[in-house]
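Q: Heads up: the sequence shown runs through residues 35 to 471, numbered per my numbering. Right, I'll just put the structure down here and ask away after.
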Amino acid sequence: MSGLNLKVLPGEGPDVREGASEVATEGVSRAEDFVRGRGIRLVREDGTAFLDAASGTFNVPLGYDHPEVVEAVVEQLRRMAHASSSLMAAQAKQVLSELLAHAPSHLTAGWMRDITGSTANECAVQVAQKATGKTDVLSLFLSHHGQTQFTTAISGNAFRRKGFPEAVSPHSVKVPAPYCYRCFYKAKYPGCGMLCVERISDFVEYASSGSVACMLVEPVLGNGGNVVPPPGYFQALNKLCEEKGILLIADEVQTGMGRTGHLFASEALGFKPNIVTLAKGLGGIGVPVAAVLFEGALDVLESHEHSFTSGCNPVALTAASATLKAMTSGHLLANVRRNGIILGELLHTLATRHPCVGDVRGLGYMWGLEIVREDGSPDVEKTLALIRVAQERHQLVLRGSRYSFGNVVKVRPPLIATQDDLEEIVARLGRALADVG
């Protein structure tokens, strides 16, 4: 394993100290701000560097200072930081064309007036409702589709709606997730008959209004616990939706733009959504930008029906274009696919040494460790302790599931992380597990 010490950058003051002693860092306040980002590392004012195994909020797939994206964004800022979306139609059309050129071939149209995944998912639902003339939205238990009141309403966690009556929608129908480790139906794959798909018909018949426009699903349930559906799930879901005239929306806000080693996880997992939403990673280095891609027949919205002040701004469009170029012009995605297998092996090996790790699941650079008690029940307290100890003692930034109400630790480093980086991330995670275990 190669060393990870950072060199002093000109004019940056004190040395960046990787792996500072536990004594020196054990009492570090988690509220202390980071002041610089370098590659996959975050640096505090005192020079201490932390490995970021969460890619910011999963929105810096190219790290914090990817040179091509930074250069493109800075140059755009020098020219013009903002213009009304009505004045940016040509650039938006160009960037959309670039995205569609790499998208599944049945997706031939799109929308680029969003900068967040929340409103992109709202746009996708609007498209589905207007195109079909239907109202209801199916989504999964544990799903996470955004922070607006509407996307909170269609997400699959009740605790996020508590105290917010407008975040409850009569047109939202939730169905059990394909969560094999804790199957809602107490069944075992593959002899389960894919009940998580088969029983959706019952929810449509008995729990909906009888007018279902679409189903919104994440290829991997991110905030719900990095749940990876079993083989055959999406093919069965495609068939059911086609039979019932329900449009299928792939929420690729977290999985899209290379996170699984493919630009589109839905394509890699073998299902054919009518609509795909992108955000987070589309900005490469954390620049907010989002897109909605769909079949040509679904190009039904008028510009005034879904538009925002900062939507389609030139900085966002420039970042998206530069990010797409960086991801598709070299070997980045192939490296993620190859190294993702290694990361999974390392995490599985870690689990054999720590009984509190009940399950390891993921693909590409998108993995989760389910932390459990001796009886197999979720151990939220230990999960939170593990994340805290990893950061305070071992300079490793991680994130948990379900807004810290869940028991899954997510390991999702930037896509530029090398094999040496992955080995160091897992080594530090192992030390943190030893501390709390």
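Cβ atoms here follow ideal geometry from the backbone N, Cα and C, with glycine treated the same way.
Output the residue ranges of the alpha helix (DSSP H) runs that lie fully inside the stretch 134-197 and measure 4 residues or longer, sorted by chain position.
A: If only uninterrupted alpha helix (DSSP H) runs of at least 4 residues are considered, those enclosed by the stretch 134-197 are 151-166, 183-187.
Q: Could you give the uninterrupted runs of the alpha helix (DSSP H) lying entirely in the stretch 286-363, keeping only those of 4 residues or more?
A: 299-302, 348-362
Q: Looking at residue 137 and residue 352, is the spacing between their C-beta atoms short of 7 Å?
A: For the purposes of this step, residue 352 is identified with residue 318 of the sequence shown, where counting begins at 1. For the purposes of this step, residue 137 is identified with residue 103 of the sequence shown, where counting begins at 1. In terms of Cβ geometry, residue 352 and residue 137 do not form a close pair [threshold 7 Å].
Q: Evaluate the contact criterion for the stretch 416-432 versus the stretch 155-168: three or more CB pairs, one atom per stretch, below 8 Å.
A: no
Q: Mind checking residue 454: buried by the 16 CB within 10 Å criterion, or exposed?
A: As a position in the sequence shown, residue 454 is number 420, starting the count at 1. Exposed, because fewer than 16 other Cβ atoms sit within 10 Å of the Cβ of residue 454.
Q: Taking the beta strand (DSSP E) that residue 454 falls in, what are its first and last residues?
A: Taking the sequence shown and counting its residues from 1, the one referred to as residue 454 is at position 420. Note, residue 454: premise wrong, no beta strand (DSSP E); alpha helix (DSSP H) at 453-470.
Q: Whole-angstrom Cβ separation of residue 350 and residue 321, contact assumed at under 8 Å?
A: Numbered from 1 along the sequence shown, position 316 holds the residue referred to as residue 350. Numbered from 1 along the sequence shown, position 287 holds the residue referred to as residue 321. Going by Cβ atoms, the distance from residue 350 to residue 321 rounds to 6 Å, so yes, they are a contact pair.
Q: For residue 216, which of helix, strand or coil comes out of DSSP?
A: Mapped onto the sequence shown, residue 216 falls at position 182. Correct three-state label for residue 216: helix.
Q: Which residue from 343, 275, 318, 439 puts its Cα closest to that of residue 288?
A: Position 254 of the sequence shown, counted from the start, is the residue given in the question as residue 288. Answer by Cα proximity: 318.
Q: Where does residue 374 sit, in a helix, a strand or coil, going by DSSP?
A: Counting from 1 along the sequence shown, the entry for residue 374 is found at position 340. Residue state, collapsed to three classes: helix.
Q: Could you have a look at residue 268 and say whether DSSP puts it in helix, strand or coil?
A: For the purposes of this step, residue 268 is identified with residue 234 of the sequence shown, where counting begins at 1. The answer is helix: DSSP assigns residue 268 an H, G or I state.
Q: Note down the Cα distance separating residue 56 from residue 296, rounded to an integer number of angstroms.
A: Working through the sequence shown from its first residue, we reach residue 56 at position 22. Working through the sequence shown from its first residue, we reach residue 296 at position 262. Residue placement at residue 56 is flagged as unreliable, the pLDDT there being 33, under the threshold of 50; the coordinate-derived value follows with that caveat. Going from the Cα of residue 56 to the Cα of residue 296 covers about 38 Å.
Q: Short check: CB of residue 314 to CB of residue 93, under 7 Å?
A: The residue you call residue 314 lines up with position 280 of the sequence shown. The residue you call residue 93 lines up with position 59 of the sequence shown. A contact, by the Cβ cut-off of 7 Å.
Q: Tell me the residue span of the alpha helix (DSSP H) that contains residue 203.
A: On the sequence shown, residue 203 is found 169 positions in, with the first residue counted as 1. Note, residue 203: premise wrong, no alpha helix (DSSP H); not H, not E.
Q: Evaluate residue 399 with the Cβ neighbour count: other Cβ atoms within 10 Å of its Cβ, from every protein chain shown; 16 or more gives buried, anything less gives exposed.
A: For the purposes of this step, residue 399 is identified with residue 365 of the sequence shown, where counting begins at 1. Residue 399 comes out buried.
Q: Assuming residue 103 is part of the alpha helix (DSSP H), what are its boundary residues?
A: For the purposes of this step, residue 103 is identified with residue 69 of the sequence shown, where counting begins at 1. Its alpha helix (DSSP H) spans residues 101-113.
Q: Leaving out five residues before and five after residue 84 in sequence, what residues of the same chain have Cβ atoms less than 6 Å from its Cβ?
A: Along the sequence shown, read from residue 1 onward, the residue named residue 84 stands at position 50. Taken in chain order, the residues that qualify are 76, 429, 431.
Q: Let's test the definition: count the other Cβ atoms within 10 Å of the Cβ of residue 208 and tell me whether it reaches 16, buried, or not, exposed.
A: The count along the sequence shown starts at 1 and reaches residue 208 at position 174. Flag for residue 208 reads buried.
Q: Work out the CA separation of residue 111 and residue 341 for me, nearest whole Å.
A: Position 307 of the sequence shown, counted from the first residue, corresponds to residue 341. Position 77 of the sequence shown, counted from the first residue, corresponds to residue 111. Whole-angstrom Cα-Cα distance: 22 Å.
Q: Within the same chain, show all residues whose beta-carbon is closer than 6 Å to that of residue 412, passing over the 5 residues directly before and after it, in chain order.
A: In the sequence shown, counting from the first residue as 1, residue 412 sits at position 378. Excluding residues within five positions, the ones whose Cβ falls inside 6 Å are 441.
Q: Using the Cα positions of residue 133 and residue 419, report the straight-line distance between them to the nearest angstrom.
A: To locate residue 133, count along the sequence shown from 1; it is residue 99. To locate residue 419, count along the sequence shown from 1; it is residue 385. Distance between the alpha carbons of residue 133 and residue 419 is about 40 Å.
Q: Taking Cβ positions, are residue 199 and residue 175 nearer each other than 7 Å?
A: Residue numbering aside, residue 199 sits at position 165 when the sequence shown is read from its first letter. Residue numbering aside, residue 175 sits at position 141 when the sequence shown is read from its first letter. It is not a contact, given that the beta carbons lie outside the stated cut-off.
Q: Rounding to the nearest angstrom, what Cα-Cα distance links residue 236 and residue 251 in this structure?
A: One-based indexing of the sequence shown puts residue 236 at position 202. One-based indexing of the sequence shown puts residue 251 at position 217. The straight-line gap from Cα to Cα measures roughly 18 Å.
Q: With DSSP collapsed to three states, give me the class of residue 439.
A: Translated into the one-based positions of the sequence shown, residue 439 becomes position 405. Coil, per DSSP.
Q: Give me the Cα-Cα distance between residue 414 and residue 302, rounded to the nearest whole angstrom.
A: Within the sequence shown, residue 414 is the residue found at index 380, counting from 1. Within the sequence shown, residue 302 is the residue found at index 268, counting from 1. Straight-line Cα distance between these residues: approximately 32 Å.
Q: Among the candidates 338, 144, 212, 197, whose CA atom is the shortest distance from the CA of residue 312?
A: In the sequence shown, the residue the question calls residue 312 occupies position 278. The option with the nearest alpha carbon to residue 312 is 144.
Q: Going by DSSP, what residue range makes up the alpha helix (DSSP H) through residue 419?
A: If you number the sequence shown from 1, residue 419 lands on position 385. Its alpha helix (DSSP H) spans residues 414-428.
Q: Smallest Cα separation from residue 262: which of 88, 177, 274, 204?
A: Looking up residue 262 in the sequence shown gives position 228. Selection 88, 177, 274, 204 evaluated against residue 262 yields 177 as nearest (Cα-Cα).
Q: Can you find the residues in the same chain that come closer than 7 Å, C-beta to C-beta, to residue 328, ignoring five residues on each side of it along the sequence?
A: As a position in the sequence shown, residue 328 is number 294, starting the count at 1. These residues qualify, in order along the chain: 141, 143, 144, 161, 308, 309.
Q: Confirm, please, whether the CB-CB distance from residue 459 to residue 87 is below 7 Å.
A: The residue you call residue 87 lines up with position 53 of the sequence shown. The residue you call residue 459 lines up with position 425 of the sequence shown. Yes, they are a contact pair.
Q: Determine whether the beta carbon atoms of residue 370 and residue 392 lie at a separation below 7 Å.
A: As a working note, residue 370 is residue 336 in the sequence shown. As a working note, residue 392 is residue 358 in the sequence shown. No, these two residues do not count as a Cβ contact at 7 Å.
Q: Going by the beta-carbon positions, is the gap between residue 246 and residue 280 smaller than 7 Å?
A: Indexing the sequence shown from 1 puts residue 246 at position 212. Indexing the sequence shown from 1 puts residue 280 at position 246. Result yes, Cβ atoms of residue 246 and residue 280 sit closer than 7 Å.
Q: Is the beta carbon of residue 102 less than 7 Å from the beta carbon of residue 270?
A: One-based indexing of the sequence shown puts residue 102 at position 68. One-based indexing of the sequence shown puts residue 270 at position 236. Cβ distance not < 7 Å, so residue 102 and residue 270 don't count as in contact.
Q: Report the three-state DSSP secondary structure of residue 83 (helix, strand or coil).
A: Here residue 83 refers to the residue found at position 49 when the sequence shown is read from its first residue. Residue state, collapsed to three classes: strand.
Q: Kindly list the residues whose CB is nearer than 6 Å to the CB of residue 63, restricted to its own chain and excluding five residues on each side of it in sequence; keep chain order.
A: Translated into the one-based positions of the sequence shown, residue 63 becomes position 29. With a pLDDT of only 42 at residue 63, under 50, the local geometry of the prediction cannot be trusted, and no value is derived from it.
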